[in-house]
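Colleague:
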Amino acid sequence: MVAAVIALGSIMSILDSTVVNVALQTLTTEFHTSFNVVGWVATGYMLALATVIPVTGWASDRFGTKRLYMLALVMFVAGSALAGLAWNVETLILFRVVQGLGGGMLAPAGMTILTRAAGPRRLGRVMSLLGIPMLIGPIGGPILGGWLIDSVSWRGIFDINIPIGLLALALSAKFLVAEKPVPAGRFDFPGMLMLSPGLALLIYGVSGLPTAGGFTATEVWLPVMLGLALTTGFVLRAVRVPNPLVDLSLFRGRTFSVAMVTNAIFSVSFFGAMLLLPSYFLLVRGESAMWAGLLLIPQGLGALLTMPLTGRLTDKFGARKVVLPGLVLIICALALFTQFGAETPYWKVLAGLSVLGLGAGAAMTPLMSAAMQTLRHEDVAKGSTAANISQQIFGAFGAALMSVVLAAVLAGKFGVPTNRGQLAATAALADPTTHGPAAAMAAGSFSTTFVLAAVLMVVCFVPALFLPRRSPLAESEVAQGR
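Here my numbering is used: position 245 in the sequence shown is 483, and no number is missing along the way.
#1: The alpha helix (DSSP H) with G446 in it runs from where to where?
#2: Helix, strand or coil: how does DSSP classify V654 here?
#3: Under a three-way DSSP split, which group does R720 fall into?
#4: Do the region 542-557 and the region 670-684 make contact, defined as three or more Cβ pairs closer than 8 Å?
#5: Please state whether DSSP places S714 in a helix, a strand or coil.
#6: State the Cα-Cα distance for the pair T687 and C570, rounded to the nearest angstrom.
#7: Go ahead and pull the three-state DSSP assignment for L551.
#8: With H, G and I counted as helix, E and B as strand and the rest as coil, what does DSSP make of W459?
#9: Measure the alpha-carbon distance for V697 versus I503 and round it to whole angstroms.
#10: Three Cβ pairs or more, each shorter than 8 Å: is that satisfied between the region 497-512 and the region 632-639?
#11: Could you check what DSSP says for A502 in three-state terms: helix, strand or coil?
#12: Near V499, which residues of its chain fall below 6 Å by C-beta distance, leaving aside the five closest residues on each side in sequence?
#13: Could you tell me the alpha carbon to alpha carbon distance between L320 and K559, rounded to whole angstroms?
#14: Buried or exposed: E715, going by 16 or more other Cβ atoms within 10 Å of its Cβ?
#15: Taking just the CA atoms, how far does V479 sit from I377?
#16: Ignoring anything shorter than 3 residues, give me the beta strand (DSSP E) runs that lie fully in the region 552-632, in order along the chain.
#17: Given V643, which residues of its chain have a CB within under 7 Å of its CB, disregarding the five upstream and five downstream residues?
#18: Flag this pair as yes or no: are the beta carbons of K304 and L414 separated by less than 8 Å?
#19: What residue range does the alpha helix (DSSP H) around G394 cover?
#20: Does DSSP put T353 in a helix, in a strand, or in coil?
#21: Counting only runs of 4+ residues fully inside the region 513-550, write out the alpha helix (DSSP H) ranges in chain order.
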């Protein structure tokens, strides 16, 4: 039941990252403002996530994970209720930041609760439940958002969080075990002043890559360089002071380091590909956002089939024997995607998505389990924070990288600057006289970009070879000489 409670909170947070994207055009009309201003409704939420995650590890130890998790739910529900009442775009952006501060604490605090409750021997099967929201978000967001906007109003995408959040709050109060706060040391305030804004600047700069058209734009390189300077300063300081905001000594553990490196490369490739898939349906095949989400359902079903099984297999045989076959399936799916054209039969597309889902279900949560299984009980909150920071940063970078590569390839084919590649393709596809050739060129651009995602997933194979060969139970039995 604990895993179900945590999954419920995670679903809300992750869905909210994608559901708003469908409403941006509607919000532009509703508030009589520009798309760039309304874009901050999504950006503000994302930056709030990045800002609060580094603090979560210390806060989990200082105040207790149950108390922190319930506080995060209260903030998320309050932010949702206020966003649904927003009277102008400025207040909507402000209330989305409140939402993001709550949502940013849900994932790391929830992971800490699950890891401590499950223990290393059952972590794989419990963590498999936590992976489901990560796959439901990109699929369910456009479906839910499109339906609510058409059937209710844009306010419905925020109001729906209220009953779900209150249910999660009630279940948390009943089923989560209250842990006593543990000595967390003095709060690393200087570290927070470097790491939280540093991560926010990095994500902001990287997220601006697609519209700017490359790293040379001031709105990209300036925040990225400032973010790198702040995070580098944090790292240099963290190795010299006691109780840093993020404990970098965890990376001295071989298993934790290998799992984190593997997960970083995996996040760039997989979350980048997850961005390309709905864009392919929208741009090349002319589907609506809601239908693009519906067409991704086979991927979610594939993951739902393998996640419960691979969780148990990870606990029994270790992460390596589960992750490697999962990566093979993902690589096969991405290889198939490189052959997509403007008229590829949908049964082939859906078959590829099913294989991608099967592989993602086999690889995603075992990687997280491998990182967390070897940590001491008192280090779990710190490890959860580090893992979530890594996933946020590299997931955002993967999405931005694939967007820029796609825009550059489109620009080359349509003979326009990089930052106008997708606009040129959209205009050509809308014109009946140029639709046929434009669709073929756009499909070829997606195929080229999928090659990059496939190559990165092959690279991911290298560190994955060094994941644990045995389960924690087998390791302990070997250590005891059984």
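Backbone N, C-alpha and C fix where the C-beta goes; we use that ideal spot for every residue, glycine too.
Modeller: Considering the structure as presented:
#1: For the purposes of this step, residue 446 is taken as residue 208 along the sequence shown, with counting starting at 1. In the DSSP annotation of this structure, G446 is not part of any alpha helix (DSSP H), being labelled neither H nor E.
#2: Translated into positions along the sequence shown, residue 654 becomes position 416. In the three-state DSSP reduction, V654 falls in the coil class, being neither helix nor strand.
#3: Stepping through the sequence shown from its first residue, residue 720 is reached at position 482. Legend: pLDDT at R720 = 43, less than 50; position of this residue unreliable, no value from coordinates given.
#4: They do not touch, by the three-pair rule.
#5: For the purposes of this step, residue 714 is taken as residue 476 along the sequence shown, with counting starting at 1. Since pLDDT at S714 reaches only 46, below the 50 mark, its modelled position is unreliable, and no value is offered.
#6: If you number the sequence shown from 1, residue 687 lands on position 449. If you number the sequence shown from 1, residue 570 lands on position 332. In a straight line, the C-alpha of T687 is about 15 Å away from that of C570.
#7: Position 313 of the sequence shown, counting from 1, holds the residue named residue 551. DSSP, read as helix, strand or coil, puts L551 in helix.
#8: Indexing the sequence shown from 1 puts residue 459 at position 221. In this structure, W459 counts as helix in the three-state DSSP scheme.
#9: Translated into the one-based positions of the sequence shown, residue 697 becomes position 459. Translated into the one-based positions of the sequence shown, residue 503 becomes position 265. Roughly 8 Å between the two C-alpha positions.
#10: They touch, by the three-pair rule.
#11: For the purposes of this step, residue 502 is taken as residue 264 along the sequence shown, with counting starting at 1. Under the three-state reduction of DSSP, A502 is assigned to helix.
#12: For the purposes of this step, residue 499 is taken as residue 261 along the sequence shown, with counting starting at 1. Within the same chain, V499 has close Cβ partners P701.
#13: On the sequence shown, residue 320 is found 82 positions in, with the first residue counted as 1. On the sequence shown, residue 559 is found 321 positions in, with the first residue counted as 1. Cα to Cα, the separation comes out at about 47 Å.
#14: Indexing the sequence shown from 1 puts residue 715 at position 477. Note that E715 scores 45 on pLDDT, short of 50, meaning its location in the model is unreliable; the coordinates nonetheless yield the value given after this. With fewer than 16 other Cβ atoms inside 10 Å of its own Cβ, E715 counts as exposed.
#15: Numbered from 1 along the sequence shown, position 139 holds the residue referred to as residue 377. Numbered from 1 along the sequence shown, position 241 holds the residue referred to as residue 479. Taking the straight line from one Cα to the other gives about 43 Å.
#16: Complete beta strand (DSSP E) runs here, min 3: none at all.
#17: Looking up residue 643 in the sequence shown gives position 405. For V643, where only same-chain residues beyond five positions count, the Cβ hits under 7 Å are T687, L690.
#18: In the sequence shown, residue 304 corresponds to position 66, counting from 1. In the sequence shown, residue 414 corresponds to position 176, counting from 1. Contact: yes.
#19: One-based indexing of the sequence shown puts residue 394 at position 156. Per DSSP, G394 belongs to the alpha helix (DSSP H) from 394-397.
#20: The count along the sequence shown starts at 1 and reaches residue 353 at position 115. Here T353 sits in helix by DSSP.
#21: Segments of the alpha helix (DSSP H) lying fully in the region 513-550: 527-533.
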